[in-house]
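As structure tokens, the structure follows; a few thoughts come after it.
Chains as they are written, first to last, in our numbering: chain C, 1 to 173; chain F, 174 to 565.
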């Protein structure tokens, strides 16, 4: 556990819990790394939740989708940094990975659509439509099925940081 | 190649008799081509059925979006091509995301409905999970604990071990174990949300650490394989209609070399003096009453057979008798009074028993209480303890 993290934007204080960094080259060398990392981190952060097994299952399910998005960027250089912090019932995932400017624009647009009031309808359309699932759909699903809130943050060195707040502890059975 | 790569991650099968396609495990493919045989199986199943196709995802622990869309696409297309065909997706309340994710499908196609599998699928157990039963469950545990604290070490209980208490109910046994034996970790699972709420409240109020209460179905647990040194399951196999399914799961989560510990009753052997005849008659009827609701409260002596058939070795069996001489006889009497309320009350009514039968049935419990409180009386409730080792 590191020091307490103060949100500079004046938001709630999230306390760091765990961070995993790997070279993106190593990460994208095997698809199963998404499963490994999401499962491992889910177990670690769920230990002191009211229902650790259920929380771990939900967390892994959501986090894996984010890791699969990072995996599909297929960059050869740079780092993948996954960090989880906590404020009360909400867990924050910060996922930093290499990104070119065009991709950054894509993520910014995708995240703004996720925040829109029609997110649920867009998600249903994507499931019922003929198109293959996209990265945008994965982000939509996090908002619709896990009540997640998402944003994109600046990151240095040709990288992007997705910040996803997951209120899993409050999700009803 | 790591052992991880050798494990089958998911399994899809089709049961023609039940018109049920089921998929279980972790389905996180990189590409849809990895799902080829499963997709083909689903298409084939759709082609064969008439009326309803059940899609069982109860044991689906993970599925990524790529896979979800692939399977959903086929089901949605089938709904549009064959409007007469209905799909029932069976999810689990235990796997939190499945009902939310698959539930979206019913908003797309009205021919798709979602059924959440939960505790209602266990016949009769609702009788025993009412909130008003909590004080009696606590008293029962207090009475059995006097014996079990001495018995448990003979069945593998050691300090520092990792243990699971499956069907933990209100969690009082886990708390007693934590205090007495200090295992390094206890995972306590039950499918009654109200019982778990109670357990968590107790844990908070008494600042108890080291117990993780989790919601789950004992016959299909989310817990990983081979992770516990000791798995306990008390007074529970006897109230499941298919105890062998639970035992299979207890075996799965137990480490090789670890032990599974079960306790069960043989209700017809409850006894008392004086008024032994009336007491014997009533408890024989208790066994029949539970049998009517597909529960076997005569299971105790069958424990050895169940453990052997589940694949355990080094089976150890012993019995103990909770009696009115263990502590305060009034505790014993209170437990019997609570049994009478439920058994001769709601359960007998639900079976359709007449007033004459109920009066005689209730009398046996009253006689048992009489024996327990009688200055020269003796009243007993026998329990069978059994444990087996999972082979290395």
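Using N, Cα and C, we set each Cβ at its ideal position, and we do this for glycine too.
Source: prediction; values computed, not measured.
Exposure of residue i, with buried meaning 16 or more beta-carbon neighbours within 10 Å
| i | result |
| --- | --- |
| residue 333(F) | exposed |
| residue 522(F) | exposed |
| residue 123(C) | buried |
| residue 234(F) | buried |
| residue 245(F) | buried |
| residue 96(C) | buried |
| residue 552(F) | buried |
| residue 100(C) | exposed |
| residue 190(F) | exposed |
| residue 528(F) | exposed |
| residue 264(F) | buried |
| residue 30(C) | exposed |
| residue 549(F) | exposed |
| residue 139(C) | buried |
| residue 498(F) | exposed |
| residue 357(F) | exposed |
Min CB distance residue i to chain F below 9 Å
| i | result |
| --- | --- |
| residue 61(C) | yes |
| residue 47(C) | yes |
| residue 146(C) | yes |
| residue 50(C) | yes |
| residue 82(C) | no |
| residue 171(C) | yes |
| residue 123(C) | yes |
| residue 118(C) | no |
| residue 103(C) | no |
| residue 35(C) | yes |
| residue 186(C) | The structure shown does not extend to residue 186(C), since chain C is modelled only from 1 to 173, so the question has no answer here. |
Nearest-angstrom Cα separation, counted from residue j out to residue i
| i | j | result |
| --- | --- | --- |
| residue 79(C) | residue 23(C) | 4 Å |
| residue 383(F) | residue 156(C) | 41 Å |
| residue 277(F) | residue 363(F) | 28 Å |
| residue 88(C) | residue 57(C) | 19 Å |
| residue 127(C) | residue 282(F) | 11 Å |
| residue 296(F) | residue 466(F) | Low local confidence applies: a pLDDT of 45 at residue 296(F) is under 50, so the model's placement there is unreliable, with the coordinate-based value given in what follows. Residue 296(F) and residue 466(F): Cα-Cα distance of roughly 6 Å. |
| residue 293(F) | residue 368(F) | Here the model assigns residue 293(F) a pLDDT of 49, short of 50, so the residue's position is not dependable, and the following value carries that caveat. Approximately 15 Å, taken between the alpha carbons. |
| residue 217(F) | residue 137(C) | 28 Å |
| residue 426(F) | residue 359(F) | 13 Å |
| residue 200(F) | residue 286(F) | 22 Å |
| residue 252(F) | residue 258(F) | 6 Å |
| residue 49(C) | residue 170(C) | 11 Å |
| residue 248(F) | residue 260(F) | 8 Å |
| residue 225(F) | residue 275(F) | 17 Å |
| residue 44(C) | residue 18(C) | 8 Å |
| residue 198(F) | residue 159(C) | 34 Å |
| residue 350(F) | residue 404(F) | 12 Å |
| residue 491(F) | residue 428(F) | 23 Å |
| residue 565(F) | residue 475(F) | 24 Å |
| residue 563(F) | residue 394(F) | 18 Å |
Per-residue contacts from residue i into chain C (C-beta, under 7 Å)
| i | result |
| --- | --- |
| residue 203(F) | 31 |
| residue 389(F) | 53 |
Chain C contact for residue i (CB, 9 Å cutoff)
| i | result |
| --- | --- |
| residue 274(F) | yes |
| residue 234(F) | yes |
| residue 342(F) | no |
| residue 320(F) | no |
| residue 428(F) | no |
| residue 373(F) | yes |
| residue 280(F) | yes |
| residue 268(F) | yes |
| residue 393(F) | no |
| residue 369(F) | yes |
| residue 183(F) | no |
| residue 249(F) | yes |
| residue 360(F) | yes |
| residue 551(F) | no |
Proximal residues of chain C, C-beta to C-beta of residue i below 9 Å
| i | result |
| --- | --- |
| residue 351(F) | Simply none; closest approach about 16 Å. |
| residue 396(F) | 53 |
| residue 290(F) | Neighbours of residue 290(F) on chain C: none; closest Cβ ~12 Å, over 9 Å. |
| residue 422(F) | Near residue 422(F) there are no residues of chain C at all, since even the closest Cβ is about 13 Å away, more than 9 Å. |
Within chain F, partners of residue i - CB distance below 9 Å
| i | result |
| --- | --- |
| residue 65(C) | 237 and 238 |
| residue 68(C) | 201, 203, 237, 238 and 239 |
Beta-carbon separation (whole angstroms), residue i vs residue j, contact threshold 8 Å
| i | j | result |
| --- | --- | --- |
| residue 82(C) | residue 37(C) | 7 Å |
| residue 148(C) | residue 62(C) | 7 Å |
| residue 375(F) | residue 560(F) | So it is not a contact: roughly 27 Å between Cβ atoms. |
Interface partners of residue i on chain F, CB under 7 Å
| i | result |
| --- | --- |
| residue 127(C) | 242, 245, 277 and 281 |
| residue 115(C) | Going along chain F, no residue has its Cβ under 7 Å from residue 115(C), so there is no contact; the nearest lies around 19 Å. |
| residue 138(C) | 238 |
| residue 58(C) | 269 and 270 |
Residue i: contacting residues in chain F (beta-carbon distance under 8 Å)
| i | result |
| --- | --- |
| residue 141(C) | 238 and 274 |
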